[in-house]
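Quick notes on the structure that follows.
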């Protein structure tokens, strides 16, 4: 190679690098656009779908109160009260106008999602923020742990696909994966929580404690979190295990694996750099997909374990047709799921060189 | 001088639910140091299974049934390939015995840079990082690739470049024997020619021995010194390329060579019928249902691989004096 041609080669590789960076920027931009659009679409669907549920929140709540009073009902006074609260909740206007007001307030007045019903006159926003740490704590931790455990186990039983232990693990994971999460949670509550009394199985922390930065409180918090998280980890982890196993087995059939073996690489290198790294790419995508599907499981777990998270809030709100709160919970869930998916999608180019250029 | 690779009575097959279906039957073959030996045959004749068995890369349901293979890579030792424990086999791979796989397009790991895929192997075999780097670059230059390709990912390379990277990797430890399985199948004719020339150059430069498996008689004619014609899991004929192309002995080789287009207005002669699949290999000579010269013993007795002289071998009753004289 002449010096001239080598410098030209270096130049063109510089060009390629800038072009590559440009494409990565476009990828991120496009991905972010999709993110915003999906967020908007989800909010819109959530807004209208709750208003299709039969039952008027004012009638339910105020009717209940009036009945509880047991006094002679003054129909006109009742009507007046209902109309007043309708106005406070912005429900006396036509639906499209309500929708626009809702969006305007949510975006322009700093996430003003209206007053809540369950804890009137508390702001829905504050309610959600107060409950959020529980849900995020349980959900994020358990899904990530499930993913790590499932990916590791799945890689191992895929690698050892012909061993007896592997086949047994497949049967067990399949059974666990098809078990509904509430059955697993109930089983853990009944056996571990009450029959054997190994771990606490209800409430966020021991009843006699107050939230504070003390070892006693934190350890109580953690021991109370074990069973709810375990329910999630068992079911989701089993799914991740099966998924990773299938990915490993398909990667093991690839030509580059045969070639890696032919090169005389150690089995550990073949497993780590050739099989695992390739199977990991779709497994990361699976994390993004499954994140959304498992959030409702976490809501059920919160109710079963009496944790003050968004799930319990949602169930309370549902009973009262508390639109504002229901919407806020759904909004938050969608936001959480979409954001996690976005993070995963933006992380993919780091794992897969093919996306860096072509996406 | 003993052969570099001595294959004796090698049989391999597919493990079924109850029995094993034999794909390669009782193959005897000597590969001599410094030669390029071609193995040709139709799809499904067992040539790739044979290559995989030599590399000991058979995976279930493929199974090795019997036979022995001895490799004498010139370090004064003889390795019994089929008896070698896994860790010793690993050390022998690439150092003495390397492989250019079928489907080279997908034989590079998509998530590792090309350089890393070459050096990790060299480091595994005891070279330092710097030595490995140097060797990889030298090997890439041997196949006319620029050293800066080490920073590329496989998807950034063309098919021909990927194939060259594989060849470079395979020769980077200067192995005694290279097994190349259908190495040019996915490439266009021009690239195919260049790569074959490079491979022949490598043989001359490094003194490597190459076993080349192909269905393409043209590839064999261009590059090989000797050729083994395989039919239905057995070797039908073996000899020097010139002799075999000019005057093939086995009726199957005659058919194969007759089917090469030669130009000059000559009609191409085809072979009637189809190659049998391993599930229903015919009794006796496996070629007899398609053979134009079939006679009584062909359907009863399998012919042995015999030499009618001057270094040629064929498995056909026509050339077996005992069988022929009984008729």
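Residue numbers (our numbering), protein chains in the order written: chain A, 6 to 364; chain B, 13 to 339.
For every residue, glycine included, the Cβ atom is placed at its ideal position computed from N, Cα and C.
Source: prediction; values computed, not measured.
Q) What does residue 274 of chain A touch in chain B if you count any residue whose Cβ is under 8 Å from its own? A) Neighbours of residue 274 of chain A on chain B, chain order: 132, 136.
(Q) Run through chain B and tell me which residues come within less than 7 Å of residue 277 of chain A, C-beta to C-beta. (A) Neighbours of residue 277 of chain A in chain B, taken as residues at a C-beta separation under 7 Å, are lacking, since the least C-beta distance is about 11 Å.
Q | Between the CA atoms of residue 179 of chain B and residue 65 of chain B - distance to the nearest angstrom | A | Spanning the alpha carbons of residue 65 of chain B and residue 179 of chain B requires a straight line of approximately 20 Å.
Q: Check the Cβ-Cβ distances between residue 103 of chain B and every residue of chain A, and say whether any is below 8 Å.
A: At least one chain A Cβ lies under 8 Å of residue 103 of chain B.
Q) Can you tell which of A:360, A:353, A:269 has its C-alpha closest to the C-alpha of residue 101 of chain B? A) Checked all of A:360, A:353, A:269; the closest Cα to residue 101 of chain B is A:269.
(Q) Please classify residue 276 of chain B as buried or exposed, where buried requires at least 16 other C-beta atoms within 10 Å of its C-beta. (A) Classification of residue 276 of chain B: exposed, given that the 10 Å Cβ count is below 16.
Q) Rounded to the nearest angstrom, how far is the Cβ of residue 6 of chain B from that of residue 116 of chain B, given a contact under 8 Å? A) Residue numbering for chain B in the displayed model covers 13 to 339; residue 6 of chain B lies beyond these limits and cannot be assessed.
Q) For the candidate residues B:193, B:325, B:163, B:105, whose alpha-carbon lies nearest to that of residue 256 of chain B? A) Looking at the Cα atoms, B:325 is the closest of the given residues.
Q) At what residues does the beta strand (DSSP E) containing residue 263 of chain A begin and finish? A) That residue, residue 263 of chain A, is in no beta strand (DSSP E); its alpha helix (DSSP H) goes 260-267.
Q. Since residue 88 of chain B is in the alpha helix (DSSP H), which residue starts that stretch and which ends it?
A. Counted as a single uninterrupted DSSP element, the stretch harbouring residue 88 of chain B is not any alpha helix (DSSP H), since DSSP gives it neither H nor E.
Q | Buried versus exposed call for residue 283 of chain A [16 or more other C-beta atoms within 10 Å across all chains shown] | A | Its Cβ being crowded by 16 or more others within 10 Å, residue 283 of chain A is buried.
Q.
Using a Cβ distance threshold of 8 Å, determine whether the segment 52-60 of chain B contacts the segment 155-162 of chain B, with at least three qualifying pairs required.
A. Touching, no.
Q: Decide if residue 86 of chain B is buried, meaning its Cβ has at least 16 other Cβ atoms within 10 Å, or exposed.
A: When all chains shown are included, residue 86 of chain B counts as exposed.
(Q) Helix, strand or coil, according to DSSP, for residue 186 of chain B in the structure here? (A) Three-state result, residue 186 of chain B: coil.
(Q) Taking DSSP's pairing of strands, which residues face residue 283 of chain B in a bridge? (A) The partner list for residue 283 of chain B (beta bridge, DSSP) is empty, contrary to what the question assumes.
Q: Using the DSSP secondary-structure output, state which residues sit across from residue 17 of chain B in a beta bridge.
A: Partner(s): B:43, B:83.
Q: Rounded to whole angstroms, what's the CA-CA distance from residue 69 of chain B to residue 266 of chain A? Just pull it up for me.
A: The C-alpha of residue 266 of chain A is placed about 8 Å away from the C-alpha of residue 69 of chain B.
Q: Whole angstroms is fine: what's the gap from residue 303 of chain A's alpha carbon to residue 316 of chain A's?
A: Approximately 7 Å, taken between the alpha carbons.
Q) Do you know how far the Cα of residue 170 of chain A is from the Cα of residue 322 of chain A? A) Each residue's alpha carbon lies about 47 Å from the other.
Q. Given a threshold of 16 other Cβ atoms within 10 Å of its Cβ, counted over all protein chains shown, does residue 291 of chain B qualify as buried or as exposed?
A. A residue is called buried once 16 or more other Cβ atoms fall within 10 Å of its Cβ, and residue 291 of chain B, having fewer, is exposed.
Q) Between residue 184 of chain B and residue 147 of chain B, which are expected to be in contact by the criterion C-beta below 8 Å, what is the C-beta distance as a whole number of angstroms? A) The pair is a contact, with the Cβ atoms about 5 Å apart (cut-off 8 Å).
Q.
Just to make sure I have the definition right: I need the residues of chain A whose C-beta is within less than 8 Å of the C-beta of residue 94 of chain B. Which are they?
A. Taking the beta carbon of residue 94 of chain B as reference, no residue of chain A falls within 8 Å; the closest one sits roughly 16 Å away.
Q: Could you tell me which chain A residues have their CB closer than 7 Å to the CB of residue 115 of chain B, listed as they occur along the chain?
A: Within 7 Å Cβ-Cβ: 260.
Q) Can you check whether the CB of residue 75 of chain B is closer than 8 Å to the CB of residue 25 of chain B? A) Yes, the pair counts as a contact, with Cβ atoms nearer than the cut-off.
Q.
According to DSSP, simplified to helix, strand and coil, what is residue 6 of chain A?
A. Residue placement at residue 6 of chain A cannot be trusted, given a pLDDT of 39 that sits under 50; what the coordinates show is reported in the next sentence. For residue 6 of chain A, the secondary structure class from DSSP, reduced to helix, strand or coil, is coil.
**Q.** Whole beta strand (DSSP E) elements within the segment 176-247 of chain A, 3-residue minimum
**A.** Within the segment 176-247 of chain A, no complete beta strand (DSSP E) segment of 3 residues or longer occurs.
Q: To the nearest angstrom, report how far apart residue 131 of chain B and residue 327 of chain B are at their CA atoms.
A: Taking the straight line from one Cα to the other gives about 45 Å.
Q.
Given a cut-off of 8 Å on the beta-carbon distance, is the pair residue 337 of chain A and residue 133 of chain A in contact?
A. With a cutoff of 8 Å on beta-carbon distance, residue 337 of chain A and residue 133 of chain A are scored as near each other.
**Q.** For residue 118 of chain A and residue 111 of chain A, believed in contact at Cβ under 8 Å, the rounded distance
**A.** Confirmed, Cβ separation roughly 6 Å.
Q. When the Cα atoms are used, what is the spatial distance from residue 62 of chain B to residue 182 of chain A?
A. Each residue's Cα considered, the two are about 43 Å apart.
Q) In three-state terms, what does DSSP make of residue 288 of chain A? A) Three-state DSSP puts residue 288 of chain A in a helix.
Q: Taking C-beta pairs closer than 7 Å, name the residues in chain A that residue 119 of chain B reaches, listed in chain order.
A: Proximity of chain A to residue 119 of chain B at the Cβ level (cut-off 7 Å) is accounted for by 260, 261, 264, in chain order.
Q.
Output needed in chain order: residues of the segment 133-164 of chain A with a Cβ under 9 Å from some Cβ in chain B.
A. Per Cβ criterion, the list is empty.
Q | Of the residues A:258, A:339, A:254, the one placed nearest residue 296 of chain A, counting alpha carbons only | A | Per the Cα distances, A:339.
Q: Give the DSSP-derived three-state secondary structure of residue 363 of chain A in the structure shown.
A: Any reading at residue 363 of chain A is ruled out, since the residue's pLDDT is 48, under 50, leaving its predicted position unreliable.
Q | Given residue 282 of chain B as reference, the closest of B:294, B:141, B:263 once Cα atoms are compared | A | Taking only the C-alpha atoms, the option nearest residue 282 of chain B is B:263.
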